[in-house]
Every structure is written in structure tokens, then in C-alpha cells.
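Worksheet: the structure to be examined is printed underneath.
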Amino acid sequence: VGLFAVKNVIFLIGDGMGLAHITLTSYFVGKPLEMMKMPYSGLMYTYSANSFVTDSAAAGTALATGYKTFNGMICMTPDGKPVMTLFEAAKKVGKATGVVTTTRVTHATPAAFYAHVKNRDEEKEIARQLVEGTTIDVAFGGGMKHFSEELLEKAKANGFTVVTTREELLNLDPSAVKRVLGIFARSHLSYYVDGEDRPSLAEMTRKAIEILSKNKEGFFLMVEGGRIDHAAHGNDVVAMIYDTIEFDEAVKVALEFAKKDGDTLVVVTADHETGGLGLSNGKYAIDVEKLRSYSKISIEKLMKEITPDNFKEVIKKYYGIDLSDEEVEALKKAFEKGGYAPSNTIGEIISAHALIGWTTHTHSAIMVPVFAEGPGAEEFTGIMDNTDIPKMIAELTDVPLHEYYFTEIAVGE
């Protein structure tokens, strides 16, 4: 590795975090976010090989490998050939690697740094590749349902220390562990706004850095604020803002380490925008005070309490909103429809009352911001493609990303 190569990279991805999400969150907290203070910034295209609107699998693949693929595929070309990830390349030059997320560790974005599957839903296979492969040293997040007892035993046999509670995580002695698998929920971690007992993204990031930074060859760490996306899918403006705040606290941890270390590049971006979030719905205003008056609860949690019979009272209790006749009708219809319809409709209503609009419950094709700080950060400016990011990281760190077109690891059939 060359004399001037950057030693460490912390790559933070706010899943679904568009410019509107960042802007609204800064209005909500009343000051610029940590990521907004980073000295270099640019914009990035997110389209995939088969759609202007990407999913997280194709977007994660682009950010981890420098190749575009079809939506739904992870680290494989559209014709099914595996391509090397930044983390696999980093391992070739002796670096330590880690993924930290608020989603399942087998979810599309983290999986894109270590797994190769034709379909992102093959999460049990992704879990197997995580445990049986040599690509990842530290993985923190949710997703216990994809790890059988047998697989956890295999993880221990392969040198992983397994932790499952916040307390165990915080008490981990970095000098006493080599590889760590931290799984803190059956599926995704709860939304930050709900204040449940689970490690925060900042706590997981701090511990991952403590463990990985022991390696004298340096480390690559990917940190995902994975549920910004989920909240935006449901148009849940409150949960979205708080998960963005949580993500920004992890950015702060990364920047504090990088400033002390002096040889760490920090890159912050999103894999795509979710929700088509618009900061006004026609009145030359948005009501940030109204947003601040809403209770600290996600719609996901609210749904455990709400029924077709009590929704008027519950929405009044948590949001202070007296539903109009039209809104009552819309919610009645939504409850008849079932599925995500009730929670999506509540999201639309509470957003509209704060003069916030969403155009979709899925992703959008708009460019997303990129922020960078540290050695090499000046490369991350102007208009970029998502495939440029890993190529620039590889070049700055002297990691042989594209020397091996196809990976040499065996991919499970």
C-alpha cells in the first residue's frame, strides 16, 4: 500500500435520506446537522442498471463495488456473475472491516458489502455468507430471525464473539475480541424516536471503531441509518426526522475519530431518496412547530394501539389533530383495505397538517447529497455517479478493487 494512501475509511449511508430529509431535520433541530458542516460536498446519481428509480440492493451494489446491476440483485452483474466488493478488496491488503446498521445485518445495504446473491430476499443465505466468509470482522444490527442456533455456533467457531444486548455491546473489551457479531433485535432495530432499549447507531459505531482501529493496516467501516428509509416509505415524518438525527449522531462519532486520527476519510451519502418528500404543500410555509408538538412515537408503534374504532381519539392524543370528515373517511377506507394502508394514510395526514408533502410511498430518482471530510475528501465534489464512490475510495486507499473483475469466493448456488 502506497506511501500516501489513506489508511481508514468510514462510509456512512443514510438509507432513503434525500436532501429534503436532511433539510427538514436541520429545521427541526434548529441548526445545521454534523454532516452539513463537512467541508466537501456534491451530488450523486442513484439510478440502477434497469431503472431510473433504484432499490437498495442495486444502489448498495453500486456503492460497494462500482458496478450497476438490476434492482433486487446484490453484488452480481445482471447476468449473475459475482463482482468484488470494496471490503473483499480491503481484506486483500490486510484491512479490518465492519458493517453497522439499524436494519437487519442481512438487509440489502449492509449485505452489499460482503454478500453475493441474485435476490436480496435470500437473507438466510446472506447470513450464511456473513458467518462462513472472511470478509467481515464486525457486524452490528438486527436480524436474529435469519441466524439459526447452528449458524451462531458456526460464527463462534469462526472466531466471532456474539453479543445480543446493549449492555453486552457497551461492555465489550476491544482488545479481547477479534471478530464480533452483534444482533440486537429479531428483525430491524426499533425506531430511534420510540426510545426502546437497544444500542444507538452512535454507540454501535463507536464500539466498531474501537475494535477495528486496532488493526495496524487500517480499516473500512460502513454505517447505515437504515430506517430513515422505512419511515419515509410510510410517510412517517416524525420517525424519519428522529432516525436522521440518530444517523447524524453516528456521523459525529465518525468525524470525532477522524479528526483525532488524521488518516481517516469520512464519506456520507444516501443510497437513494425515499418518499418524494416535498417541504411545502402549497401554502408558502411549513409548520415546524407543529412537527415539534407531535408526540415522540413512530406510526409503527402507534399501530399497536390504534383500531378502526379508536383512531380519532388516538390521533388526537398523540398529534393533537382533530380529524376532518374527509380524513375520517379516508382512514375508514384504509382500515377496510388493511395492510400498510392505515399507517400510510396516518403518515399522509400528520405530514399534511405540518404542510409537508410526499409524492410516493416508494423511492424516487432524484440525486442525493454526498459529504466528505479527511484526506482525499476534495475528490467528492460536483456531480458524481454512485459507482464513482467506491472507485475513488479504492484509489485513495490503494485497495485493489478492480484488479479482480470477479471475486474468488465461492458463492452458494
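Going by this note's numbering, the sequence shown opens with residue 1298, and the numbers climb by one from there. All C-beta atoms in this analysis are idealised placements derived from N, C-alpha and C, irrespective of residue type, glycine included.
By the three-class DSSP mapping on this structure, what secondary structure does Thr-1322 have? Thr-1322 falls in the helix class under three-state DSSP.
By the 10 Å Cβ neighbour count, where 16 or more other Cβ atoms means buried, how is Glu-1464 classified, buried or exposed? Exposed, because fewer than 16 other Cβ atoms sit within 10 Å of the Cβ of Glu-1464.
Just to confirm, does Leu-1509 get its C-beta within under 7 Å of one of the non-hydrogen atoms of the ligand GTP? Within the structure as shown, the ligand GTP is missing, as the structure has no ligands at all.
Between the region 1613-1627 and the region 1553-1569, do at least 3 Cβ pairs fall closer than 8 Å? By the C-beta criterion, the region 1613-1627 is judged not to be in contact with the region 1553-1569, since fewer than 3 inter-stretch pairs fall below 8 Å.
Please classify Tyr-1342: does DSSP put it in a helix, a strand, or coil? DSSP places Tyr-1342 in strand when its eight states are reduced to three.
Thinking C-beta only, is Arg-1417 closer than 8 Å to Ile-1371? Against a cut-off of 8 Å, the Cβ pair of Arg-1417 and Ile-1371 comes out as a contact.
Three-state class that DSSP yields for Val-1350 in the structure shown: Coil at Val-1350, not helix or strand.
Report the residue from Gly-1575, Asp-1568 and Asp-1619 whose alpha carbon sits nearest the alpha carbon of Tyr-1591. The shortest C-alpha separation from Tyr-1591 is found at Asp-1619.
Length of the line joining the Cα atoms of Asp-1606 and Ala-1405: Taking the CA atoms as reference points, Asp-1606 sits about 37 Å from Ala-1405.
Quick one: using the 10 Å Cβ neighbour count with 16 as the cut-off for buried, is Phe-1301 buried or exposed? The residue in question, Phe-1301, is exposed, as its Cβ has fewer than 16 Cβ neighbours within 10 Å.
Ala-1259 burial status per 10 Å Cβ neighbour count (16 or more: buried): In the structure displayed, the chain extends from 1298 to 1710; residue 1259 sits before or after that span and is not available.
Local Cβ density within 10 Å of Arg-1476, reported as buried at 16 or more and exposed below that: By the neighbour-count definition (other C-beta atoms within 10 Å, threshold 16), Arg-1476 is a buried residue.
What is the rounded straight-line gap between the Cα of Gly-1635 and the Cα of Ser-1661? Those two C-alpha atoms are separated by around 25 Å.
What residue ranges within the region 1343-1427 form continuous alpha helix (DSSP H) runs of no fewer than 4 residues, ordered along the chain? You should have 1353-1362, 1383-1389 and 1405-1408.
In chain order, what residues of the same chain have a beta carbon less than 7 Å from the beta carbon of Lys-1442, not counting five sequence neighbours either side? Counting only Cβ-Cβ distances below 7 Å, and skipping sequence neighbours, we find Arg-1483 and Ser-1484.
Would DSSP call Thr-1642 helix, strand or coil? Three-state result, Thr-1642: helix.
Give me, in chain order, the residues of the same chain whose beta-carbon lies closer than 6 Å to that of Glu-1675; leave out the 5 immediate sequence neighbours on both sides. These residues qualify, in order along the chain: Tyr-1337.
Cα-Cα separation, Asn-1305 to Gly-1579: Distance between the alpha carbons of Asn-1305 and Gly-1579 is about 46 Å.
Can you grab the Cα-Cα spacing for the pair Phe-1410 / Gly-1363, in whole Å? Between Phe-1410 and Gly-1363, the C-alpha separation is close to 11 Å.
Within 10 Å of its beta-carbon, does Glu-1586 have 16 or more other beta-carbons around it, so buried, or fewer, so exposed? By the neighbour-count rule (16 or more Cβ atoms within 10 Å), Glu-1586 is not buried but exposed.
CB-CB under 6 Å to Ala-1547, same chain, minus the five flanking residues each way: which ones, in chain order? So the qualifying residues of the chain are Leu-1498, Ala-1499, Thr-1502 and Val-1520.
Bridge partners of Glu-1670, per DSSP? Its beta-bridge partners are Val-1563.
Looking at C-alpha atoms only, which residue of Lys-1598, Tyr-1581, Leu-1576 and Glu-1597 is the closest neighbour of Leu-1588? Looking only at Lys-1598, Tyr-1581, Leu-1576 and Glu-1597, the smallest Cα-Cα distance to Leu-1588 is reached by Leu-1576.
Taking three-plus beta-carbon pairs below 8 Å as touching, is the region 1679-1696 in contact with the region 1646-1659? With a cut-off of 8 Å, the region 1646-1659 and the region 1679-1696 do not count as touching, because too few Cβ pairs lie within range.
The alpha helix (DSSP H) with Arg-1524 in it runs from where to where? It spans 1524-1530 - the alpha helix (DSSP H) in which Arg-1524 sits, taken as one unbroken run.
The region 1459-1473 touching the region 1419-1428, judged by at least three CB pairs closer than 8 Å: The region 1459-1473 is not in contact with the region 1419-1428.
Looking at Val-1380: is its Cβ nearer than 8 Å to the Cβ of Ile-1542? Taking 8 Å as the Cβ cut-off, Val-1380 and Ile-1542 do not qualify as a contacting pair.
Do Leu-1449 and Val-1435 count as a contact pair if the criterion is CB distance below 8 Å? Not a contact, by the Cβ cut-off of 8 Å.
Using only CA atoms, which one of Ala-1638, Phe-1632, Ile-1643 and Leu-1360 lies nearest to Lys-1613? Nearest Cα to Lys-1613 within the set Ala-1638, Phe-1632, Ile-1643 and Leu-1360: Ile-1643.
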